[in-house]
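Report on one structure; see the data block that follows.
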Amino acid sequence: MNAGIADFLIWITKLSPPWQWTAYTVAALIEVVLLLTIVMLSVAVFIWMERKVAARIQDRLGPTRVGGRFGWLQSPADGLKLLCKEDIIPAGADRLLFRLAPYVSFAAAFSVFLAIPMASGWVAARLDTAVFFVLAVAGLEVFGVLLGGYSSGSKWSLYGAMREAAQVVSYEIPLGMCVVVPVLLAGTMDLVAIGDAQAGWANRWFLLHDPFTFATFWIYITCATAGVNRAPFDLPEAESELVAGFMTEYSGFRWSIFMMAEYTAMFVVAALAAILFLGGWNGPVPVARLLGLVPGPATRPYLALAMTGAANLLGLANLLVKVYVGVMFMMWLRWTLPRLRIDQVMTTCLKYCVPLASIMLAGVMLWMFFFPGGLCGWVFSWVRM
Amino acid sequence: MEAIHWHSFFFLLFALVACGGAVAVVASANIVRMAVYLVVSLSAVAGLFFLAGADFLGAMQLMVYVGGTLVLLVFGVMLTARGPLVSLHTTARQWLMALLIGGALAAVLLQTVLGVSSWSGGGQQAAMESEVMSRTATPLGLGLMGVRIDSLDPALAATGQHPAEMSGYLLAFEIISVHLLVVLIGAAYLARAKRDLREVAAEEYAATSPPDPRPPAPGP
Chain W
1 MNAGIADFLI
11 WITKLSPPWQ
21 WTAYTVAALI
31 EVVLLLTIVM
41 LSVAVFIWME
51 RKVAARIQDR
61 LGPTRVGGRF
71 GWLQSPADGL
81 KLLCKEDIIP
91 AGADRLLFRL
101 APYVSFAAAF
111 SVFLAIPMAS
121 GWVAARLDTA
131 VFFVLAVAGL
141 EVFGVLLGGY
151 SSGSKWSLYG
161 AMREAAQVVS
171 YEIPLGMCVV
181 VPVLLAGTMD
191 LVAIGDAQAG
201 WANRWFLLHD
211 PFTFATFWIY
221 ITCATAGVNR
231 APFDLPEAES
241 ELVAGFMTEY
251 SGFRWSIFMM
261 AEYTAMFVVA
271 ALAAILFLGG
281 WNGPVPVARL
291 LGLVPGPATR
301 PYLALAMTGA
311 ANLLGLANLL
321 VKVYVGVMFM
331 MWLRWTLPRL
341 RIDQVMTTCL
351 KYCVPLASIM
361 LAGVMLWMFF
371 FPGGLCGWVF
381 SWVRM
Chain Y
1001 MEAIHWHSFF
1011 FLLFALVACG
1021 GAVAVVASAN
1031 IVRMAVYLVV
1041 SLSAVAGLFF
1051 LAGADFLGAM
1061 QLMVYVGGTL
1071 VLLVFGVMLT
1081 ARGPLVSLHT
1091 TARQWLMALL
1101 IGGALAAVLL
1111 QTVLGVSSWS
1121 GGGQQAAMES
1131 EVMSRTATPL
1141 GLGLMGVRID
1151 SLDPALAATG
1161 QHPAEMSGYL
1171 LAFEIISVHL
1181 LVVLIGAAYL
1191 ARAKRDLREV
1201 AAEEYAATSP
1211 PDPRPPAPGP
């Protein structure tokens, strides 16, 4: 696949200037449109899923009528309704910042996809420090929320924004420590290389590398849930205390951009969890390898291209299934657990998540030193003795 | 039609946005808007880093400045939003001081930039010279960790200018770090309200408890 792209880029440079310009623009547009399609379609599906999951957990049916069966057209109907709503800006608001805030949030959440691989080598920009880039850019989403809360000129919004700042800045610390663990195991911050390091059967997944990584995964899930303001950590919204938190004064399409940012951020943390701990695009069974979809040195170039393409399509399906399961898990949490108090949120972060993450980090280092083969390698060697 | 130099195009774009953001920070009077313009400016600088292929530095810029420092700044403003801080008016004296310091820094930077011989049309020869003389931040970084790699250079050691036992800047670096820590603790201590907890409790009790319902005792 990469060879094909390289050939294509060389072909582009040989074009005459106006065509070269067009070719670059079209090549960039294709990537952007592909990413937007995956993300926006997923957001629509997530919103529908949220309604259905919430309904089922509360012993209801949820949407059943829009679009015939299962209410599958509920999200487009919601979108249309939101487009038609009146766009209100409060009199006491800072108009410029109020308009700017939703875009900052969504742009930060979406820019992350620049560095997130969808299959081995299928990534818009392959960075050496992709993990760090993802953490840094995903952390910018808080700025939109802060601006929205501050510029609304409403005390509910201000409370929501302050909670958001305190919560997100605190949870970034244990989140970063959890992310370091797979980086240690793979020896690189390149997400493509981290995913490829887990190729093979499910025992190669970093989740099952040793007991410490298993525990780290759950700490990561806790911190990621808090980082994207999902219940039980949704204090910035807290509809029972703060009306709608930082989104109180937003209506219509601006409100829906904030919601899109939230669901996009859920996609991001679920995809990161899948790539870092759950093998990414490698399924529990190496189907592509068993089917013989690995091109050898003697394979003809176009056949090799087709084979890697097919293997990557399987990988994309694998990754999307993991992302959807992860998002489903977060929804299940939201409709099961009660919301924490703000002091409980901070206690969870500073008294439990940070020390536990430190212990797990040290534990993984020791495990790598004493049992370099991972848990399964250790068990196998013990059985052989 | 000439080929478009995308690097130059994006460099100019990001540079303009960075400078525009910086000017807007100075021109604005509202502190939150200043913070937003600073975000724009610093993000554009991060874009310049990405353009130069320094992904790590770019991500670091976003994480430390935009995601960390400025979020804390806006957070602090929100906590103290009802004061003289919300709108700042720069006095003539402050303008003068800022111009002096900023102008001095700009002069130093300009002199350094114009002093690079390979950029002033010296051609191939100058580029090769600069390649030989190139200085990176690596010796400095290692010096902060206590290692002087220039002391390993046999030619310099022979002249006696750089004795081999020369130490790095580890001690100075550590002292500065501890100094910063002391400053942080001191600031936290000064910012704390110095009130006795028992006094506060008594005041709150006096404010919330109902007034004495009994009539004043009649005099004899």
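Residue numbers (the numbering used here), protein chains in the order written: chain W, 1 to 385; chain Y, 1001 to 1220.
We put the CB at the ideal spot given by N, CA and C, even for glycine.
Just so you know, these numbers come straight off a predicted model, no measurement behind them.
{"Item": "Bridge partners for W:Ala119 per DSSP, in chain order?", "Value": "W:Trp122"}
{"Item": "With DSSP run on the structure shown, which of helix, strand or coil describes W:Asn203?", "Value": "helix"}
{"Item": "In angstroms, rounded to a whole number, what distance separates the CA positions of Y:Met1001 and W:Pro18?", "Value": "Confidence in Y:Met1001 is poor, its pLDDT being 41 and thus under 50, which makes the residue's placement too unreliable to answer from."}
{"Item": "By the criterion of Cβ-Cβ separation under 7 Å, what are the contact partners of W:Val137 in chain Y?", "Value": "Leu1062"}
{"Item": "To test your reading of the DSSP string, which unbroken alpha helix (DSSP H) runs of 4 or more residues are found completely within the region 11-79 of chain W?", "Value": "17-57"}
{"Item": "Just checking, does the region 1048-1068 of chain Y make contact with the region 1028-1036 of chain Y on the three C-beta pairs under 8 Å criterion?", "Value": "no"}
{"Item": "Give the secondary structure of W:Asn318 by DSSP, where H, G and I count as helix, E and B as strand, and everything else as coil.", "Value": "helix"}
{"Item": "Below 8 Å between beta carbons is the criterion; list the residues of the region 243-258 of chain W that meet it against any residue of chain Y, in chain order.", "Value": "none"}
{"Item": "Residues of chain W with a CB under 7 Å from the CB of Y:Val1025: which are they?", "Value": "Simply none; closest approach about 15 Å."}
{"Item": "Just to make sure I have the definition right: I need the residues of chain Y whose C-beta is within less than 8 Å of the C-beta of W:Met162. Which are they?", "Value": "Phe1075, Met1078, Leu1079"}
{"Item": "Who are the neighbours of W:Thr129 on chain Y, taking C-beta pairs under 8 Å?", "Value": "Asp1055, Phe1056, Ala1059"}
{"Item": "Taking 9 Å as the threshold (beta carbon to beta carbon), is W:Ala186 in contact with chain Y?", "Value": "no"}
{"Item": "Below 8 Å on the Cβ atoms is my guess for W:Leu147 versus W:Ala101; work out the distance and round it to an integer in Å.", "Value": "4 Å"}
{"Item": "So, with DSSP's three-state summary, where would you put Y:Met1145?", "Value": "coil"}
{"Item": "Please report the Cβ distance between W:Ala108 and W:Glu141, rounded to the nearest whole angstrom; I am assuming they are in contact, meaning their Cβ atoms lie under 8 Å.", "Value": "4 Å"}
{"Item": "In whole angstroms, what separates the C-alpha of Y:Ala1024 from that of Y:Val1071?", "Value": "19 Å"}
{"Item": "Decide if W:Tyr171 is buried, meaning its Cβ has at least 16 other Cβ atoms within 10 Å, or exposed.", "Value": "buried"}
{"Item": "Would you say W:Met360 and W:Ile219 are within 9 Å of each other, going by their C-beta atoms?", "Value": "yes"}
{"Item": "Y:Val1036 CB to nearest chain W CB: under 9 Å?", "Value": "yes"}
{"Item": "For the candidate residues W:Ala115, W:Asp234, W:Ala310, W:Val123, whose alpha-carbon lies nearest to that of W:Leu129?", "Value": "Looking at the sequence itself, residue 129 of chain W is Thr, so the reference to Leu does not match. Answer by Cα proximity: W:Ala115."}
{"Item": "Distance check for W:Ala186 and W:Trp378, CA to CA, integer angstroms please.", "Value": "18 Å"}
{"Item": "With a cut-off of 8 Å on the beta carbons, I'd call Y:Phe1173 and Y:Leu1140 a contact; round off their distance for me.", "Value": "Contact flag wrong, Cβ pair sits at about 11 Å."}
{"Item": "Which same chain residues end up closer than 6 Å to W:Ala93 when comparing Cβ atoms and leaving out the 5 residues on each side of it in sequence?", "Value": "Ser151, Ser152, Gly153"}
{"Item": "Under 7 Å between beta-carbons, which chain Y residues line up against W:Phe389? List them in chain order, please.", "Value": "Nothing can be reported for residue 389 of chain W: it is not among the residues displayed for chain W, which extend from 1 to 385."}
{"Item": "For chain W, check one thing: does any of its Cβ atoms lie closer than 9 Å to the Cβ of Y:Trp1006?", "Value": "yes"}
{"Item": "Within the 9 Å Cβ cut-off, does W:Leu375 reach chain Y?", "Value": "no"}
{"Item": "How long is the line joining the alpha carbons of W:Met1 and W:Val192, rounded to whole angstroms?", "Value": "Interpretation of W:Met1 is limited by its pLDDT of 44, a score under 50 that renders its predicted location unreliable; the figure taken from the coordinates is listed afterwards. W:Met1 and W:Val192: Cα-Cα distance of roughly 13 Å."}
{"Item": "Tell me the DSSP secondary structure of W:Tyr250 in three-state form.", "Value": "coil"}
{"Item": "Taking the alpha-carbon positions, what's the W:Ala165 to Y:Ala1022 distance?", "Value": "25 Å"}
{"Item": "Under 9 Å between C-beta atoms, does Y:Val1032 make it to chain W?", "Value": "yes"}
{"Item": "Spell out a yes or no on whether the region 307-324 of chain W and the region 233-251 of chain W are touching, meaning 3 or more CB-CB pairs, one atom from each, closer than 8 Å.", "Value": "no"}
{"Item": "Nearest chain Y C-beta to W:Met1 closer than 9 Å, yes or no?", "Value": "A caution first: W:Met1 carries a pLDDT of 44, below 50, which makes its placement in the model unreliable, though a value can still be read off. For W:Met1, the answer is no, since every Cβ of chain Y falls outside 9 Å of its Cβ."}
{"Item": "CB-CB under 6 Å to W:Ala311, same chain, minus the five flanking residues each way: which ones, in chain order?", "Value": "Ala288, Leu293"}
{"Item": "Can you tell me where the alpha helix (DSSP H) holding Y:Glu1174 begins and where it ends?", "Value": "1170-1191"}
{"Item": "For W:Ile38, which option in W:Ile88, W:Phe113, W:Pro174, W:Gln167 has the closest C-alpha, if you only look at C-alpha atoms?", "Value": "W:Phe113"}
{"Item": "In three-state DSSP terms, what is W:Phe371?", "Value": "coil"}
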